[in-house]
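I have placed the structure first, in the form of structure tokens, so that the comments after it can refer back to it.
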Amino acid sequence: MADVTYPCYWLKKDQSGGWYWIYYAKNGEEIARSSESYVKYDDCLHAVRLVQNSSDHQVFFSK
1 MADVTYPCYW
11 LKKDQSGGWY
21 WIYYAKNGEE
31 IARSSESYVK
41 YDDCLHAVRL
51 VQNSSDHQVF
61 FSK
């Protein structure tokens, strides 16, 4: 098994067998987690890719 390097996404299974992802920061701390679990591994991986590809999207805030 390869050594884990941070930052990274981990895909894991929950107790009901669904897939979810966790994003870990450079210091190894969890900073984001999927809000749902996915039946298929490929769907979970697709969700990670959506998050990765949104890095240049605008950020809005409320006053």
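Residue numbers (full-length UniProt numbering): 1 to 63. Even for Gly, the Cβ is constructed at its ideal location relative to N, Cα and C.
Endpoints, the beta strand (DSSP E) within which residue i is located
i: tyrosine 38; result: Tyrosine 38 -> no beta strand (DSSP E), and no H or E assigned at all.
DSSP beta-bridge partners of residue i
i: tyrosine 24; result: Cys8, Glu30
i: lysine 13; result: Trp19
Exposure label - residue i; buried when at least 16 CB within 10 Å
i: alanine 47; result: buried
i: residue 147; result: Look at the range of the chain in this structure, 1 to 63, and you will see that residue 147 is not part of it.
i: tryptophan 10; result: exposed
Residue from the options with nearest C-alpha to residue i
i: residue 106; options: Pro7, Lys13, Ala2; result: There is no way to answer for residue 106, as the model of the chain reaches only from 1 to 63.
i: valine 51; options: Tyr38, Phe61, Arg33; result: Arg33
i: tyrosine 38; options: Ser16, Lys63, Tyr6; result: Ser16
i: threonine 5; options: Trp21, Trp19, Gly18, Lys26; result: Lys26
i: arginine 49; options: Tyr20, Phe61, Lys63; result: Tyr20
Residue i beta carbon near the ligand HEM (any heavy atom closer than 7 Å)
i: alanine 47; result: Among the components of this structure there are no ligands whatsoever, and the ligand HEM is therefore not found.
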